[in-house]
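With the UniProt record's numbering, you'll find the sequence shown wraps up at 86, consecutive numbering, no jumps.
Ideal Cβ placement from N, Cα and C applies to all residues, glycine included.
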Amino acid sequence: MSYPVNLQALPSEVLEEVFSPGNMRGRNSVNSFTHLSFPKSRSALWDGSPAGDKLRLQLCCHRKPHLVLLEKALRLALRHVRHSNK
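Okay, here's the thing in structure tokens:
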């Protein structure tokens, strides 16, 4: 399942941070793929403040849900939980 994201709707400070002249590589088309760069900071990965509306997720066991997740992301989440419990 994919979800379309409107990058033009991002706040200007986020848009300027992600779309720097160094990573645009001469691409002017909005429809072309663009490499995104994010800050190299642990605090940027786990911002504890709530963002947006609350979402309720309800899983049905008879539908056999599947969660596809990279092992690296799972290990990062586990490390975050261990670090936050100290």
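Residue i versus residue j - alpha carbon distance
i: L74; j: S12; result: 31 Å
i: H80; j: N6; result: 29 Å
i: H66; j: A77; result: 18 Å
i: K72; j: G52; result: 26 Å
i: L10; j: L70; result: 26 Å
i: R63; j: R56; result: 17 Å
i: H83; j: V68; result: 24 Å
i: V14; j: K54; result: 22 Å
i: E17; j: N85; result: 31 Å
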